[in-house]
Every structure is written in structure tokens, then in C-alpha cells.
Amino acid sequence: MEEQIGHVKLECIQGDIAKQHDVSVVVNAANAELKTGGGVAGALHQAAGAELAEAGRPFAPIQPGQAVITQAFNLPNDYVIHCLGPVYGKDQPEAVLLRQCYQHAIQLAEENNISSIAFPSISTGAFGYPIEEAAEIAVDEIVQQSQHLRSLKTIRFVLFSESDQAVYESACQSRMPHK
Ligand code: ADP
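Those letters in the sequence shown? Residues 38 to 216, per my numbering, in order.
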């Protein structure tokens, strides 16, 4: 699925966040220590190499909702933006903290003059956020931000499974400004 919002192309694809060759930045669903782990963090750290954890160390620990940027090392991208999503049922208010992840990531991308970014579904794996709720928040924040962007031209959601992709597509379609 692909939608145009002003100058920004919004995409929802099924895929692996560590294999997004055609975007400048990939977003990591990070842990507070910015170390490797399972899911998205595991895939990105494995593909990037040990230098990614080294680069994150000075920033750690980060707080839920916070985002930091590092180089991408052996990944096929220029930068990684690491976001710590809220743990569902623990970090409160979780909807605000999840929204801040997307907001802060977009802000960092704009500050660094980045034209394309790919997001995973932050918090919906190990952190237990129900994907329908998380998708509504993620898409809403991205659509709102899209009206005011200068450098970003492509924003992509990369979903691991077909069913997750369907959830994000439906959130995108119902949130389009023309609808
Ligand atoms: P969190 O700790 O923020 O919940 P996870 O990495 O555990 O982050 O999971 C976030 C989402 O990313 C889940 O929906 C999971 O299925 C998905 N996911 C896991 N591995 C990958 C990958 N390599 N590429 C894209 N999405 C992935």
C-alpha cells in the first residue's frame, strides 16, 4: 500500500527492517540500554555489527518515548534512530509515550536532513502493545507530522507478518486526510 500526503509518500510493506536498502534511516524498537536483544533490535544489531551497541552506549539508558540517532555501520542505511517504546501496562501513559517515539524519530530525521525513513511496529512485540491500538497511534502521529515536513519524502512502515501489515494498512486507509 502507498498513499501520498502532500509531499510525503506513506508506505506499508511486509518485510524485514534490517533489509531496507532504499531508505536512509531505519528505526530500532530499542531497549533502554541500546543493546542487542530479540525482535527488531536483534535483527538490526546483528546486521549492523558490534559497533552499533558501542555507538549507543554513551546515550544509555534512554527513557520510554525518547529517540536517539547513531550511524548504521554494516546496515545498508546511513543512520539508525533508536526509540524506546512503552511496555504495555507498565510505562504510563503508554499511548502518549508511543506517540512520542514516532514524533521524536521524525524530529531527529528532519534535524538531520533525512529524506526517507522506515519504522517497525514499535512496542507490539516483547513490549506487548496490542497491534490495532499501536497502529492507530503510529499512523495518526505520522499523518499529522506529514503535513509539516521539509526533508522527509518517504515514510515506510515495515511489518513482519502479513496480518500485521493488514492492520497497519487498514489504519492508514481510515486515517488518510481525504477520507
Ligand atoms: P518491542 O520490544 O518494542 O515490542 P520487538 O522487536 O519485540 O519490539 O517487536 C516489535 C514488532 O516488530 C513486532 O510486531 C515484531 O513482530 C516485529 N519484528 C520482529 N522482528 C522484525 C524484523 N526483523 N523486521 C521487522 N519487524 C520485526
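Quick reminder that beta carbons are idealized off the backbone N, C-alpha and C, glycines included.
Can we count residue i as close to ligand 1, meaning its CB is less than 6 Å from some heavy atom?
i      : result
Asp128 : no
Phe197 : yes
Thr161 : yes
Ser158 : yes
Ile54  : yes
Gly76  : yes
Phe164 : yes
Ala66  : yes
Gly122 : yes
Ala175 : no
Ala80  : yes
With respect to the alpha helix (DSSP H) encompassing residue i, which residues constitute its N-terminal and C-terminal limits?
i      : result
Arg212 : 199 to 212
His82  : 76 to 85
Ala146 : 131 to 148
Val180 : 168 to 183
Ala104 : Looking at the DSSP string, Ala104 is not in any alpha helix (DSSP H); the run it does join, the beta strand (DSSP E), is 104 to 108.
Glu91  : 88 to 93
Do residue i and residue j have their C-beta atoms within less than 7 Å of each other?
i      : j      : result
Ile259 : Val62  : This structure cannot speak to residue 259, because the chain is shown only from 38 to 216.
Ile168 : Val204 : yes
Ile159 : Ala132 : no
Ala78  : Asn68  : yes
Phe164 : Gly122 : yes
Gly146 : Ala172 : Looking at the sequence shown, residue 146 is not Gly but Ala. Result no, Cβ atoms of Ala146 and Ala172 do not sit closer than 7 Å.
Ser183 : Ile151 : no
Ala97  : Leu135 : no
Ala80  : Leu112 : no
Glu170 : Tyr139 : no
What span of residues does the beta strand (DSSP E) with residue i cover, start to end?
i      : result
Tyr116 : 116 to 120
Val195 : 191 to 196
Val64  : 62 to 66
Ala155 : 153 to 156
Glu40  : 39 to 42
Glu48  : 45 to 51
Tell me which residues share the same chain as residue i and place their Cβ nearer than 6 Å to its Cβ, disregarding the 5 neighbours each side in the sequence.
i      : result
Ala155 : Gln57, Val60, Val63, Arg193, Val195
Lys216 : Model confidence at Lys216 stands at a pLDDT of 48, short of 50, so the residue's coordinates are unreliable; what they give is reported in the following sentence. The answer is none, since no qualifying residue turns up.
Using C-beta distances below 8 Å, list every residue in its chain close to residue i, excluding the 5 sequence neighbours before and after it, in chain order.
i      : result
Ser198 : Gln51
Starting from the C-beta of residue i, find all residues in its chain whose C-beta is less than 7 Å away, skip the five residues before and the five after it, and write them out in chain order.
i     : result
Gly43 : Ser183, Gln184
Touching by the beta-carbon criterion (3+ pairs, under 8 Å), the stretch 39 to 58 and the stretch 101 to 109: In short, these stretches do not touch, since the Cβ pair count stays below three.
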